[in-house]
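First to last, the protein sequences are chains U and F. For the first sequence, numbering that gives the first Met the number 0 assigns the number 0 to the initial residue and increments by one for each residue that follows. For the second sequence, numbering that gives the first Met the number 0 assigns the number 0 to the initial residue and increments by one for each residue that follows.
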Amino acid sequence: MFDTLLQNILNALQWGSFYSLIALGYTLVYGVLRLINFAHGDIVMVGAYIAFFISSLLLGQYGMPAFLPGWAVLALTIPLTMALTSVVGVTLERIAYRPLRRKGANRLYVVITALMAGLILENGNLLVLGASRKKFPELIEKVVYKFGSTYVTNLKIGVILTAILSFIGLHFIITRTKVGMAMRAISYDKFAVPLMGIPIDTVIVFTFVLGSSMAGLAGILFALSYPILDPYMGMSIGWKAFIAAVVGGIGDIRGAFAGGFILGIIEISVVAVFPSSYRDLIAFSILLLILTIRPTGLFGVAQTTKI
Amino acid sequence: MNNSKTPLLEVRDLEVRYGNISALHGISFKVEKGEIVTLIGANGAGKTTTLHAITRLPPPEAPRLCAGDILIHGQSIIKTEPHDVVRKLHCALAPEGRHIFGNLTVTENLTLATFSRPKNEDLTKDYEHVFDLFPRLAERRHQRSESLSGGEQQMLAVGRALMSGCTFLMLDEPSMGLAPLLMYDMFRALKKLNQEGMTILLVEQNAKLALDFAHRGYLLETGEIILSGNAAELLKNPDIHKAYLGH
Numbered sequence: 000m001f002d003t004l005l006q007n008i009l010n011a012l013q014w015g016s017f018y019s020l021i022a023l024g025y026t027l028v029y030g031v032l033r034l035i036n037f038a039h040g041d042i043v044m045v046g047a048y049i050a051f052f053i054s055s056l057l058l059g060q061y062g063m064p065a066f067l068p069g070w071a072v073l074a075l076t077i078p079l080t081m082a083l084t085s086v087v088g089v090t091l092e093r094i095a096y097r098p099l100r101r102k103g104a105n106r107l108y109v110v111i112t113a114l115m116a117g118l119i120l121e122n123g124n125l126l127v128l129g130a131s132r133k134k135f136p137e138l139i140e141k142v143v144y145k146f147g148s149t150y151v152t153n154l155k156i157g158v159i160l161t162a163i164l165s166f167i168g169l170h171f172i173i174t175r176t177k178v179g180m181a182m183r184a185i186s187y188d189k190f191a192v193p194l195m196g197i198p199i200d201t202v203i204v205f206t207f208v209l210g211s212s213m214a215g216l217a218g219i220l221f222a223l224s225y226p227i228l229d230p231y232m233g234m235s236i237g238w239k240a241f242i243a244a245v246v247g248g249i250g251d252i253r254g255a256f257a258g259g260f261i262l263g264i265i266e267i268s269v270v271a272v273f274p275s276s277y278r279d280l281i282a283f284s285i286l287l288l289i290l291t292i293r294p295t296g297l298f299g300v301a302q303t304t305k306i
Numbered sequence: 000m001n002n003s004k005t006p007l008l009e010v011r012d013l014e015v016r017y018g019n020i021s022a023l024h025g026i027s028f029k030v031e032k033g034e035i036v037t038l039i040g041a042n043g044a045g046k047t048t049t050l051h052a053i054t055r056l057p058p059p060e061a062p063r064l065c066a067g068d069i070l071i072h073g074q075s076i077i078k079t080e081p082h083d084v085v086r087k088l089h090c091a092l093a094p095e096g097r098h099i100f101g102n103l104t105v106t107e108n109l110t111l112a113t114f115s116r117p118k119n120e121d122l123t124k125d126y127e128h129v130f131d132l133f134p135r136l137a138e139r140r141h142q143r144s145e146s147l148s149g150g151e152q153q154m155l156a157v158g159r160a161l162m163s164g165c166t167f168l169m170l171d172e173p174s175m176g177l178a179p180l181l182m183y184d185m186f187r188a189l190k191k192l193n194q195e196g197m198t199i200l201l202v203e204q205n206a207k208l209a210l211d212f213a214h215r216g217y218l219l220e221t222g223e224i225i226l227s228g229n230a231a232e233l234l235k236n237p238d239i240h241k242a243y244l245g246h
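The structure is reproduced here in structure tokens:
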């Protein structure tokens, strides 16, 4: 009984890590721009594909001689993927959101643009790479540790630790650095930020870099754990992470982090008790209940600004 | 560039529109280095619009410039980015309604204003200067700034402008909502700043206060400058007396 519980908690933490990493991206962009970046889930997908191509390249799939062991390939893939995924995120900001912002477009149009951008990423992928799924290479040898009758893989530990460390790093940036201060300032009062000599667009680009690199990281970790890639993989996990961010209180990074883990824990607990086909139904009913009781989310405060 | 004949700020025939509504119909004025100049006028005369035009704020806040020019040290700033007005030209605005960042502490607000100053610059003196001018801010430095009183928030807004390293300070209605005692404190501090060499452009509805404080003044009415001159003379002007000072 205790072992199953522990096993479930570990699984919940792993899924919670994915949701948290992605939810952080939603919440950062929302905090700064008041924009729900609905393309964010698809950026996770793009991240997973970028990781797939980089690691395949380094493993010698495309004619390049393979000279690196798997762990070194992973060590190179992670920063490269994060960098390239942030390029994608920033490009999206540049060509889709910034022109609308310049013209002072209503937020509704920006959200619709985000939805469309997501569809373009999905279908663009479909067009370029075809409908066949990709198998993500196994970069690190799976090591299974056994505690009593609980099994835990090195990957699972890695995923959970990465999520926690990313959050700590992000929290440091937001609370301790000047650019983090600028992000909080924009979320409170955008008007006065240029008066401080701060180029708003630079801060927004930085926000997208942070959010998208987290999405890229989530993409790699997800692909390592569930190594089948398809163009729609970002959709369902992206929506769920968005909901996690809202339940946590969108705009607050603590909320996104906690919300991700809450969703992971609820999902796994539901599956532990009920048939797994009820998972989403019951999990989202519980989240709906949380929102009914606290409409601003767990960390949200009505009418004040967040991040 | 610092030719003594070139004014620090020169506004030439400035015309500004919000959509189809014309807010300024060709105003011209100057601010010389070291001066305190005030722009007075009733609500809706175009005072804030003038300041927003100078700070080049981005849309949607920004008014649209249709004609005329704004020069700082003799150079047009029409194409300058808003943050560069602060960073490169050292012109700062303490805006109407203060617009402090309530979710940040007092110190964080001040630090944020140093965002674009050179990395290796020693700012200790600047902080001390602000805390000297406004000792109340020093007492509350770790407090979230939304918990400050209106007067303290105004001090913070001015302090923040100073931390940006400005040499030209624009103030939009700094007396608004301040208790009389705090208001005099504020103007005493501003006077001291001016004596230290700060050039000040003050926008005020409270004409008496503004003219007592400034060297020169301009009277703005529905988008046009209708009177200008020495502050002491304006203070005696019967028209101004009637319209803005009461009897």
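We put the beta carbon where it would ideally sit given N, CA and C, even for glycine. As the structure is a prediction and not an experimental result, all values here were calculated from the model.
Whole angstroms are fine: how far does the CA of residue j sit from the CA of residue i?
i, j, result
"Ala11/U", "Asn105/U", "38 Å"
"Leu34/U", "Leu99/U", "12 Å"
"Pro140/F", "Tyr277/U", "The sequence given here places Arg at residue 140/F; Pro does not occur at that position. The straight-line gap from Cα to Cα measures roughly 53 Å."
"Leu103/F", "Glu151/F", "14 Å"
"Arg277/F", "Ala112/F", "Given a span of 0 to 246 for chain F in the structure shown, any question on residue 277/F remains unanswerable."
"Lys102/U", "Val110/U", "15 Å"
"Leu109/F", "Arg143/F", "12 Å"
"Val319/U", "Ile261/U", "This structure leaves residue 319/U out entirely; chain U is present only between 0 and 306."
"Asn1/F", "Leu189/F", "Reliability fails at Asn1/F, whose pLDDT of 48 lies under 50, so the model's placement of it is uncertain and no value is given."
"Ile224/F", "Pro134/F", "38 Å"
"Gly33/F", "Leu216/U", "54 Å"
"Ser165/U", "Leu20/U", "8 Å"
"Lys191/F", "Met182/F", "14 Å"
"Pro62/F", "Lys29/F", "20 Å"
"Thr303/U", "Asn119/F", "Because Thr303/U carries a pLDDT of 49, less than 50, the predicted location of this residue cannot be relied on, and the following value inherits that uncertainty. Using only the alpha carbons, I get a separation of about 35 Å."
"Met81/U", "Leu209/U", "9 Å"
"Thr5/F", "Ala74/U", "59 Å"
"Gly67/F", "Thr79/F", "15 Å"
"Arg215/F", "Ile71/F", "18 Å"
"Ile11/F", "Thr49/F", "Checking the displayed sequence, the identity of residue 11/F turns out to be Arg instead of Ile. Approximately 12 Å between the Cα atoms of the pair."
"Ile308/U", "Thr3/U", "The structure shown has nothing for residue 308/U, since chain U only spans 0 to 306."
Checking 8 Å against the spacing of the C-beta atoms, do residue i and residue j come in under that value?
i, j, result
"Thr90/U", "Ile252/U", "no"
"Ala22/U", "Ala184/U", "no"
"Gly259/U", "Met44/U", "no"
"Ile156/U", "Gly88/U", "no"
"Leu161/F", "Leu136/F", "no"
"Leu220/U", "Thr161/U", "yes"
"Ile77/F", "Leu64/F", "yes"
"Ile236/U", "Gly40/U", "yes"
"Met182/U", "Glu107/F", "no"
"Ala47/U", "Ala222/U", "yes"
"Glu203/F", "Ser174/F", "yes"
"Leu56/F", "Glu31/F", "no"
"His51/F", "Asp188/U", "no"
"Leu177/F", "Gly158/F", "no"
"Val72/U", "Leu57/U", "yes"
"Met234/U", "Gly24/U", "no"
How should residue i be labelled, buried or exposed, when 16 other C-beta atoms within 10 angstroms of its C-beta is the threshold for buried?
i, result
"Trp70/U", "exposed"
"Phe239/U", "Here the sequence assigns Lys to residue 239/U, which means Phe is not the residue at that position. Classification of Lys239/U: buried, given that the 10 Å Cβ count is 16 or more."
"Tyr29/U", "buried"
"Asp125/F", "buried"
"Asp238/F", "exposed"
"Met195/U", "buried"
"Glu140/U", "exposed"
"Gly15/U", "buried"
"Phe207/U", "buried"
"Gly59/U", "exposed"
"Thr198/F", "buried"
"Asp171/F", "buried"
"Pro64/U", "exposed"
"Thr176/U", "exposed"
"Pro94/F", "buried"
"Met0/U", "exposed"
"Arg132/U", "exposed"
Any Cβ of chain A within less than 8 Å of the Cβ of residue i?
i, result
"Tyr187/U", "Here chain A cannot be found, since the structure's protein chains are U and F."
Contiguous alpha helix (DSSP H) assignments of at least 4 residues, all confined to the region 37-67 of chain F: 46-54
Write down every uninterrupted run of the alpha helix (DSSP H) in the region 113-192 of chain F whose length is 4 residues or greater and which is fully enclosed by it, in chain order. 123-132, 134-138 and 149-162
Are at least three pairs of beta-carbons, each pair with one atom in the region 268-284 of chain U and one in the region 20-33 of chain F, less than 8 Å apart? no
Every unbroken beta strand (DSSP E) inside the region 139-202 of chain U [3 residues or more]: 143-146 and 149-152
How about the region 161-179 of chain F and the region 85-92 of chain F: do they share at least three Cβ pairs that are nearer than 8 Å? yes
Report yes or no: do the region 239-249 of chain U and the region 116-133 of chain U share at least 3 C-beta pairs separated by less than 8 Å? no
Does the contact criterion of 3 or more C-beta pairs under 8 Å hold for the region 33-49 of chain F versus the region 207-216 of chain F? yes
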